[in-house]
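Counting from 1, position 129 in the sequence shown corresponds to residue 619 in the working numbering; the numbering is continuous, with no gaps.
Report on the structure given below.
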Amino acid sequence: MVDFHKRILFSDEAHFWLNDYVNKQNCRIWSEANTQVYVETPLHPEKLTVWCALWAGGIIGPYFFKNDEGHNVTVNGDRYRAMITNFFIPELNNHDVQELWFQQDGATCHTARATIDLLKDTFGDRLISRFGPVNWPPRSCDLTPLDYFLWGYVKSLVYADKPQTLDHLEDNIRRVIADIRPQMLEKVIENWTSRLDYIRASCGSHIPEIIFKITIKEIIEEISPLKCAYYNLPDDTDLKDALDVTIDLEAETQELEENVNLGDSRSIASKRLDQLWRRLDRDFKLNNLYTKFIEEYLSLDHMEEITNIDDIASEEGFFLQHHGVRAGNRSRGVIQDDLFSIMLRARKHAYFFSCDMSHMFRQIEIHSHQRHFQKILWKKGLNEPVQIFKLKTVTYGTTPACYLSTRVLKQLSLDERENFPKAADVILHDVYLDGILSGCSSLNELESLKTELTQLFKSAGMSLHKWCFSHSTNNFPDIHFDQSCEESITKTLGVLWNSSSDTFCFKVLLRLIISLRREMCSPRSHVFSTHLVS
491 MVDFHKRILF SDEAHFWLND YVNKQNCRIW SEANTQVYVE TPLHPEKLTV WCALWAGGII
551 GPYFFKNDEG HNVTVNGDRY RAMITNFFIP ELNNHDVQEL WFQQDGATCH TARATIDLLK
611 DTFGDRLISR FGPVNWPPRS CDLTPLDYFL WGYVKSLVYA DKPQTLDHLE DNIRRVIADI
671 RPQMLEKVIE NWTSRLDYIR ASCGSHIPEI IFKITIKEII EEISPLKCAY YNLPDDTDLK
731 DALDVTIDLE AETQELEENV NLGDSRSIAS KRLDQLWRRL DRDFKLNNLY TKFIEEYLSL
791 DHMEEITNID DIASEEGFFL QHHGVRAGNR SRGVIQDDLF SIMLRARKHA YFFSCDMSHM
851 FRQIEIHSHQ RHFQKILWKK GLNEPVQIFK LKTVTYGTTP ACYLSTRVLK QLSLDERENF
911 PKAADVILHD VYLDGILSGC SSLNELESLK TELTQLFKSA GMSLHKWCFS HSTNNFPDIH
971 FDQSCEESIT KTLGVLWNSS SDTFCFKVLL RLIISLRREM CSPRSHVFST HLVS
């Protein structure tokens, strides 16, 4: 049936605890004057039990379970049937829901005979439920949009202003759900079909921790029109302005209101900055590295200070939080092509090389009208005044960073294919985020490819560095290939490569005493599974 997934009305309940979820034993506070006096707190704070139904056409709800006195209660069979009769069915009549299917999980309050009969009166055989005409599989939260999207999304926003009463929390829940856009629901429902395919292929096993992310390559092939803009500028133009992109926030960025409310991100960012500086005060080395990193941002004009009083007081946009991470060995992020395939293609060449794109993310500027979504707080010391900055370039760690950079590379290769055909092909097939691993069958071809790559990236204001060659350049005096690797063993596409001996290396931790066959096989299987070798 065409678009069957768009005609399923998914439903579920969730608990929202006041002041966020707390799960601990009774706390006892002993009195210093009388050790026999103590105060107990409840096992759990007050909470709301909320029900919603979600489909491609919108959201029905939220419905808050309350007793006759108006007190918040949990759900049972009688209350669930009362909700269906007094709220759900009347709301259903306000929507164009002909031939809709209704889905619910196998909770006891859902599957009582009286409840199933009540739902059959409305939906007939179009009921997906335990003990219903169409059975819903157990332990299938990975297939319920409310579990894998709605509840987590709502909970990430409703506690931003720290509600102190259940009424305040209820108002926040209603507001957040009402603000969910139809385009977001369409994407969530489309993702459901991909999840279903994954679970079928894995014979019903759970979806991994990464909760099913489509690869960057698939996104690039599917998204149209382009969500970024690439400009060719004259030779006398400042090269740092050569790339400019916009962030695809939801559907069309142009449709966003001028005053987008993304919660109180400033106070959260301020607390995070104080936490960071307390850590920097204890760790001199990290303090030095992090301060230099921020100073480099300023010196390269990759961020600008906000000095206008109106802009400082404005609540528009979003403040990013600081996360100080020391990376001893840098590893790349999401791959564009299968890692093992890239390695095999490189190994088929008689001569091959690797290189990195210098400051790749920070060579791509975010359009000026969207930079208020990338504001940060910074101060030069624990007790120094706080300054506000806007980051001007694509920022590490943000969700669209990998897509924007990858999409720019794809567009760059398409635009420059006529001028640099070999280099354009390498960008499309032999790039791992900001790393390149490729080669040729002869030294002349290798020199030509290196020149093409350098000129192609230079046309976009980008540069390549950390060049490593599979053969010692001392043995080839005629080739102008700068062996700029400081060490013979470098990390290439996340794998250790010894350029002197032209071999891939793997670090394996071996136990001194091996008593089991499993312990003997574990290092071997770790190497093969980590690098996608089967």
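Idealized CB from N, CA, C, for every residue including glycine.
The model shown is predicted, which means the values in this text are computed figures rather than measured ones.
For residue i, I'd like the list of residues in its chain whose CB is within less than 8 Å of its CB, leaving aside the five on either flank, ordered along the chain.
i           : result
residue 589 : 497 and 616
residue 777 : 770 and 771
residue 886 : 851
residue 579 : 612
residue 767 : 869, 871 and 872
residue 660 : 538 and 554
Could you tell me the alpha carbon to alpha carbon distance between residue i and residue j, rounded to whole angstroms?
i           : j           : result
residue 551 : residue 541 : 7 Å
residue 877 : residue 549 : 41 Å
residue 582 : residue 600 : 18 Å
residue 884 : residue 627 : 42 Å
residue 862 : residue 771 : 29 Å
residue 593 : residue 657 : 29 Å
residue 566 : residue 633 : 23 Å
residue 507 : residue 765 : 26 Å
residue 856 : residue 882 : 6 Å
residue 795 : residue 879 : 4 Å
residue 955 : residue 789 : 20 Å
residue 501 : residue 860 : 36 Å
residue 568 : residue 681 : 34 Å
residue 812 : residue 608 : 52 Å
residue 677 : residue 870 : 42 Å
residue 721 : residue 674 : Residue placement at residue 721 is flagged as unreliable, the pLDDT there being 35, under the threshold of 50; the coordinate-derived value follows with that caveat. Cα to Cα, the separation comes out at about 30 Å.
residue 591 : residue 624 : 10 Å
residue 504 : residue 665 : 16 Å
residue 922 : residue 895 : 11 Å
residue 774 : residue 854 : 31 Å
residue 663 : residue 684 : 28 Å
residue 798 : residue 947 : 36 Å
residue 780 : residue 639 : 35 Å
residue 800 : residue 756 : 15 Å
residue 928 : residue 915 : 10 Å
residue 783 : residue 620 : 56 Å
residue 920 : residue 898 : 15 Å
residue 741 : residue 690 : Its pLDDT being 41, under 50, residue 741 is placed unreliably by the model, and the measurement read from it follows with that caveat. Answer to the nearest angstrom: the Cα atoms are 30 Å apart.
residue 598 : residue 622 : 13 Å
List the residues that DSSP assigns as beta-bridge partners of residue i.
i           : result
residue 562 : 556
residue 867 : 878
residue 957 : The partner list for residue 957 (beta bridge, DSSP) is empty, contrary to what the question assumes.
residue 502 : 542
residue 850 : Partner(s): none; residue 850 has no beta bridge.
residue 841 : 930
residue 593 : 500 and 618
residue 922 : 925
residue 809 : 865
residue 548 : 545
residue 507 : 537
residue 883 : 855
residue 644 : In the DSSP output, where bridge partners are listed per residue, residue 644 has none listed.
residue 795 : 879
residue 624 : 618
Within the same chain, show all residues whose beta-carbon is closer than 7 Å to that of residue i, passing over the 5 residues directly before and after it, in chain order.
i           : result
residue 786 : none
residue 605 : 567, 570 and 571
residue 686 : 633
residue 564 : 539 and 555
residue 641 : 504
residue 993 : none
residue 839 : 929, 930 and 931
residue 762 : 811 and 812
residue 793 : 787, 879, 880, 881 and 882
Here's a check: name, in chain order, each residue in its chain whose Cβ is nearer than 6 Å to the Cβ of residue i, leaving out the five neighbours to either side.
i           : result
residue 936 : 841 and 930
residue 545 : 499
residue 912 : 939 and 942
Contact check, residue i vs residue j under 8 Å by CB: the rounded distance?
i           : j           : result
residue 809 : residue 867 : 6 Å
residue 844 : residue 926 : 6 Å
residue 865 : residue 807 : 6 Å
residue 679 : residue 495 : 6 Å
Validate contact between the stretch 643-654 and the stretch 554-574 using beta carbons, cut 8 Å, 3 pairs: no
Inter-stretch contact (C-beta, 8 Å, three-pair minimum) for the stretch 842-854 and the stretch 901-912: no
The stretch 604-624 / the stretch 569-583 touching (three or more Cβ pairs under 8 Å): yes
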